[in-house]
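Asker: The structure's right below; bear with me while I get my questions together.
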């Protein structure tokens with residue numbers, strides 16, 4: 002998300018960087034690029050106009066701070082304005098009588114049902130007992146979908162099939178939740194267009210009957226100019242209290258986030274990444290991080306947090322111990338590779354590191370190439386038997402041939418992986434003895450070489 | 378066809394209505410160009426296509442010595458139409474079994490589109506079966522099966538979590554054995570920048586190609602009509618993994634204009650075959666370029 006926007010702004014400010022101070026002409030040039038970048042990022046036209054004029058005024062009048070170059074000053078102004086437009090991160094308001102009610106609304110296919118399950122899971126991790134209500138009686142098997150997800154995460158789902166009215170289901174579901182002593186009720190509703198009067202009436206009914214603490218509009222990060230109409234339409238009828246942006250693990254530039262926030266004034270509360278139902282697939286929205294990313298400054302915090310979540314401390318200790326005792330097997334190696342992949346695609350992970358979006362722009366990093374290599378190593382190790390992974394010494398010529406065939410590579414690729422693994426073992430052994438050897442294979446021609 | 382017309386009936390006059398109202402000045406000024414640009418951008422055509430269209434309009438205005446804004450109407454409409462191909466006949470005849478593979482990102486409307494397409498083909502007298510290839514998303518198989526019951530079309534399915542390539546393979550064998558002449562294969566929604574899932578899709582396609590010579594005979598990419606410029610990347614990435622033969626654009630009954638299809642069509646050289654105009658089983662209609670262009674300028 003946002004990569005292209007950051008590339009674009011970087012090129013603008015590279016140009017600006019050459020001058021001594023920000024002239025009005027510099028600002029005009031920069032603003033033209035900012036406008037184009039925002040439009041290409043699917044920010045809605047009226048929002049772009051507002052944003053650009055606000056930033057232009059600030060930039061022209063701005064004193065260049067002593068410690069900053071003019072280009073940096075302009076970046077700072079754009080950055081600040083972006084954060085302002087994106088707004089403060091929103092927290093859920095679950096105060097008042099128990100159970101608190103959260104109503105999820107949005108267009109078809111925006112990701113409501115998946116998000117309901119993710120939200121339930123993340124609430125439970127906070128120690129609040131969640132409860133789900135299946136009020137989508139229109140889409141075939143929507144009820145079954147929520148039930149399946151509820152079972153998967155161990156959260157109770159109230160449902161009446163598809164013959165009752167959604168507002169009745171919601172009301173009776175709320176009663177059931179009270180009896181179950183739930184802390185938070187999440188109502189899944191059918192996807193609908195904001196111009197569908199009958200279905201919007203139905204949402205008003207559900208709202209009236211359940212008196213929700215939160216009405217969250219779930220929106221696809223890939224949405225184009227329509228974002229303004231969607232957000233305005235739902236807000237007008239329901240007075241929504243927050244936004245959830247989904248499919249942020251895609252490569253859409255996500256201008257919809259800016260548009261929707263700007264026209265509704267309600268905060269973005271979460272962003273959804275990935276289809277798997279895990280609590281970390283629903284992240285709290287951090288405007289400054291997204292703004293940093295827009296400006297190509299990297300999203301190091303998100304990367305660090307993701308890494309922290311995956312590498313739980315115990316696990317790290319266990320591995321460290323294994324490495325020191327030289328018991329780090331190919332199986333461990335495979336597990337680690339898979340963990341890295343779980344953090345996102347390589348390009349996604351790299352995109353969070355400062356400087357990388359620019360390098361990608363200049364073609365220095367071939368994501369596909371790197372992902373291809375990692376995949377290859379994964380495929381090779383996956384083709385080994387458990388025994389072979391734990392004890393690579395038994396890998397004779399015929400075993401290697403079989404592995405090559407099984408993973409669709411040449412025998413020499415298999416040899417390379419084993420060689421790298423052996424070199425790593427040697428390295429570990431020497432490290433343990435307190436020596437720090439140079440091993441050519443690890444730094445050049447290695448996995449990432 | 379009828380539905381497309383009624384769905385877009387109000388839009389017919391409104392193209393000329395809006396353009397007429399907007400371009401009502403006495404002469405062509407910078408403001409005229411700015412207004413056209415704003416309209417195109419807000420219809421999701423994207424900056425590049427918008428600039429190309431405006432460049433073309435400007436040169437046409439010079440060459441034909443157009444001075445009056447309303448003369449631009451005709452040229453604008455024609456230039457947009459020139460960028461769109463009409464749908465072609467689906468390549469699903471003249472053999473025992475034709476296979477249609479349906480792909481797209483999550484939530485774009487694949488399963489619903491498949492049901493509507495199957496209904497349409499069945500009504501045309503074809504013997505259609507569906508393959509439940511989305512084994513990942515919770516209850517996706519149930520969803521397709523419910524549609525199958527509703528439209529009276531058999532669904533060949535395995536259990537959740539099954540290998541989608543194996544599902545396609547089994548479905549083809551079942552379709553051959555039971556004498557169906559069209560098999561539509563559903564796939565799990567996947568984001569185009571997910572390398573693994575795109576590889577998986579390529580594998581499903583190659584399984585199909587091995588099982589039936591020349592298959593899949595149609596590979597239709599489903600695009601959400603409310604998507605912005607990311608649609609182009611979707612098109613490019615899906616086309617890298619599998620050969621796309623046509624597009625289905627969904628949710629065009631919304632106020633979204635779907636203008637991103639200009640760049641997708643230009644880039645992929647494939648036509649929009651169908652558009653989705655609602656949740657009813659009859660709401661999938663052939664793409665009509667003229668009505669589509671006219672609807673771009675509808676102000677709801």
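Chains as they are written, first to last, in the working numbering: chain A, 2 to 450; chain B, 378 to 677.
C-beta atoms are modelled at their ideal positions from N, C-alpha and C, and glycine is treated no differently.
None of these values were measured; they are calculated from a predicted model.
Tell me the DSSP bridge mates of residue 512 of chain B?
Answerer: DSSP, once it has assigned bridges, lists no residue as partnering residue 512 of chain B.
Asker: Check the C-beta distance from residue 286 of chain A over to residue 131 of chain A and give it rounded, since I have them as a contact under 8 Å.
Answerer: Not confirmed; about 20 Å, so no contact.
Asker: Go ahead and pull the three-state DSSP assignment for residue 424 of chain A.
Answerer: helix
Asker: Starting from residue 650 of chain B, trace the beta strand (DSSP E) both ways and give me its first and last residue.
Answerer: Here the beta strand (DSSP E) through residue 650 of chain B covers 649-653.
Asker: Between residue 512 of chain B and residue 538 of chain B, what straight-line distance do the alpha-carbon atoms span, to the nearest angstrom?
Answerer: 5 Å
Asker: By alpha-carbon positions, which one of A:288, A:227 and A:105 ends up nearest to residue 185 of chain A?
Answerer: Checked all of A:288, A:227 and A:105; the closest Cα to residue 185 of chain A is A:105.
Asker: Note down, in chain order, each residue of its chain lying with its Cβ closer than 8 Å to the Cβ of residue 491 of chain B, except the 5 sequence neighbours on either side.
Answerer: 479, 507, 521, 524, 561 and 563
Asker: I want to verify the contact list: residues of chain B whose CB lies under 9 Å from the CB of residue 146 of chain A, in sequence order.
Answerer: 514, 515, 516, 517, 519 and 520
Asker: Our contact map puts residue 219 of chain A next to residue 116 of chain A with C-beta atoms below 8 Å; I'd like the distance itself, whole angstroms only.
Answerer: The Cβ separation is near 5 Å, so the contact holds.
Asker: Taking Cβ-Cβ distances below 8 Å as the criterion, which residues of the segment 414-439 of chain B are in contact with chain A?
Answerer: 415, 418, 419, 420, 421, 423 and 424
Asker: For residue 384 of chain B and residue 77 of chain A, I'd like the C-alpha separation in whole angstroms.
Answerer: In this prediction, residue 384 of chain B scores a pLDDT of 43, lower than 50, which makes its location untrustworthy; the coordinate-derived value is nonetheless stated afterwards. Answer to the nearest angstrom: the Cα atoms are 48 Å apart.
Asker: When the Cα atoms are used, what is the spatial distance from residue 371 of chain A to residue 578 of chain B?
Answerer: When rounded, the distance between both Cα atoms is 20 Å.
Asker: Taking the Cβ atom as the reference point for each residue, do residue 217 of chain A and residue 418 of chain B lie within a distance shorter than 9 Å?
Answerer: no
Asker: How long is the line joining the alpha carbons of residue 25 of chain A and residue 61 of chain A, rounded to whole angstroms?
Answerer: 6 Å
Asker: For residue 529 of chain B, which residues from the same chain have a beta carbon less than 8 Å from its beta carbon, with the 5 sequence-adjacent residues on both sides left out?
Answerer: 499.
Asker: List the residues of chain A whose Cβ lies closer than 7 Å to the Cβ of residue 536 of chain B, in chain order.
Answerer: Within chain A, no residue comes near residue 536 of chain B; the closest Cβ sits about 12 Å away, beyond 7 Å.
Asker: Anything in the segment 185-196 of chain A with a Cβ closer than 7 Å to a Cβ of chain B? List those residues in chain order, please.
Answerer: 194 and 196
Asker: Check whether the Cβ atoms of residue 642 of chain B and residue 606 of chain B lie closer than 9 Å to each other.
Answerer: no
Asker: Roughly how many angstroms separate the alpha carbons of residue 1 of chain A and residue 108 of chain A, rounded to a whole number?
Answerer: Examination of residue 1 of chain A is not possible in this model, given that chain A is present from 2 through 450 alone.
Asker: How about residue 451 of chain A and residue 189 of chain A: are their beta carbons less than 9 Å apart?
Answerer: Within the shown structure, residues of chain A are numbered from 2 to 450, placing residue 451 of chain A beyond reach of any answer.
Asker: Buried or exposed for residue 455 of chain B, going by 16 or more other Cβ atoms inside 10 Å?
Answerer: By the 16-neighbour rule on beta-carbons within 10 angstroms, residue 455 of chain B is exposed.
Asker: Got a sec: which bits of the segment 542-563 of chain B sit with their beta carbon under 9 Å from any beta carbon on chain A, in order along the chain?
Answerer: none
Asker: According to DSSP, simplified to helix, strand and coil, what is residue 328 of chain A?
Answerer: coil
Asker: Assess, as a yes-or-no matter, whether the segment 446-460 of chain B is touched by the segment 541-557 of chain B under the definition of 3 or more beta carbon pairs within less than 8 Å.
Answerer: no
Asker: Can you check whether the C-beta of residue 377 of chain A is within less than 9 Å of a C-beta belonging to chain B?
Answerer: no
Asker: Let me know the secondary structure DSSP gives residue 141 of chain A once reduced to three states.
Answerer: In the structure shown, the three-state DSSP call for residue 141 of chain A is coil.
Asker: Taking the alpha helix (DSSP H) that residue 62 of chain A falls in, what are its first and last residues?
Answerer: 46-62
Asker: With a cut-off of 9 Å, does the C-beta of residue 576 of chain B fall near any C-beta of chain A?
Answerer: yes
Asker: Taking the alpha-carbon of residue 97 of chain A as reference, which of A:391, A:215 and A:224 has the nearest alpha-carbon?
Answerer: A:215
Asker: Going by CA-CA distance only, name the one from B:410, B:446 and B:441 that's closest to residue 429 of chain B.
Answerer: Considering only alpha carbons, the answer is B:410.
Asker: Quick one: what's got a C-beta closer than 7 Å to residue 175 of chain A's C-beta in the same chain, skipping five residues either side?
Answerer: 102, 186 and 211
Asker: Let me see if you follow: with CB-CB separation under 9 Å, is residue 167 of chain A close to chain B or not?
Answerer: no
Asker: Where does residue 433 of chain B sit, in a helix, a strand or coil, going by DSSP?
Answerer: helix
Asker: For chain B, find out if any of its Cβ atoms is closer than 9 Å to the Cβ of residue 111 of chain A; answer yes or no.
Answerer: yes
Asker: Buried or exposed for residue 671 of chain B, going by 16 or more other Cβ atoms inside 10 Å?
Answerer: With 16 or more Cβ atoms within 10 Å of its Cβ, residue 671 of chain B is classed as buried.
Asker: Would you check if there are 3 or more beta carbon pairs closer than 8 Å linking the segment 641-659 of chain B to the segment 226-237 of chain A?
Answerer: no
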